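The opening residue of the sequence shown carries number 135 in the numbering used here; numbering runs sequentially from there.
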Amino acid sequence: MGATAALGLPGAARADEVTVPVPLQIELLAKVAAYDKNLPARAGSKARVVVLSKSKDGDSERIAEQAKKELQKKDTIAGLPAEVTSLGYSDAKDLVKHIKSKHIAVVYLAPGFSGGELGTLAKALEGVSVLTVGAVPKQVAGGVVLGFDLVGGKPKLLVHLKQAKKQDVELSSKVLKLVKVVG
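Here's what the structure looks like:
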């Protein structure tokens with residue numbers, strides 16, 4: 135795997151290609167989170183974000199580390215103090231327990247998750263109030279609420295609207311005017 139795939143630069147030949155640079159994804163995530171009407175109730179006193187990587191997947195772990203570093207530069211998310219942690223994925227049930235016990239408001243998924251794993255995660259997160267954000271466009275089609283893609287050389291927000299409703303994510307109409315609805 136070349137450096138272009140690990141950095142998410144154009145030309146990477148991988149299904150889990152990060153098309154929008156991670157620093158820009160984190161900027162967009164922070165902006166969109168402010169328009170999630172249910173985030174303040176979900177978060178409480180802190181906007182807790184967990185960066186989820188696929189265990190033992192080097193590319194996933196590298197992108198997750200980059201995302202964590204970018205998130206840690208944010209003092210606040212949606213006007214709340216930000217607290218960022220990372221987690222290696224073991225299974226969907228453990229993730230749900232972690233989200234509920236730690237009052238996680240946002241889960242950022244690094245690349246590396248299969249379509250089956252994304253489907254299992256989406257199903258497990260139904261009824262769990264959490265904004266899921268994917269590093270790669272295909273994750274949104276798999277049930278992640280928010281993702282990013284490049285369209286005509288410009289970043290585009292992708293939203294899985296049905297999954298957003300199932301996860302109690304209510305994005306302002308101001309944001310919905312700017313997104314491509316995937317599901």
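Built from N, CA and C at the ideal position, the CB exists for glycine as well.
Treat the numbers as computed from the prediction; the structure is a model and nothing was measured.
*asked:* As a quick exercise: from K227, D228 and V241, pick the residue whose alpha carbon is nearest that of S220.
replied: V241
_For a quick check, are the C-beta atoms of V264 and I238 less than 7 Å apart?_
yes
*Let me know the secondary structure DSSP gives I211 once reduced to three states.*
strand
_Rounded to whole angstroms, what is the Cα-Cα separation between D302 and K272?_
21 Å
*Please check if any C-beta of chain D sits within less than 7 Å of the C-beta of K180.*
Going by chain labels, chain D is absent from the structure shown, which holds only one protein chain.
*CB L162 to CB L243, shorter than 7 Å?*
no
*Taking A167 as the reference, which of V154, A212, L205 and I197 has the closest Cα?*
A212
*Cβ of S102 within 7 Å of Cβ of Y169?*
There is no way to answer for residue 102, as the model of the chain reaches only from 135 to 317.
*asked:* Applying the 10 Å Cβ sphere with the 16-neighbour rule, what's the burial state of G250?
replied: exposed
*Contact belief for G281 with D191 at Cβ below 8 Å, rounded distance in angstroms*: Going by Cβ atoms, the distance from G281 to D191 rounds to 18 Å, so no, they are not a contact pair.
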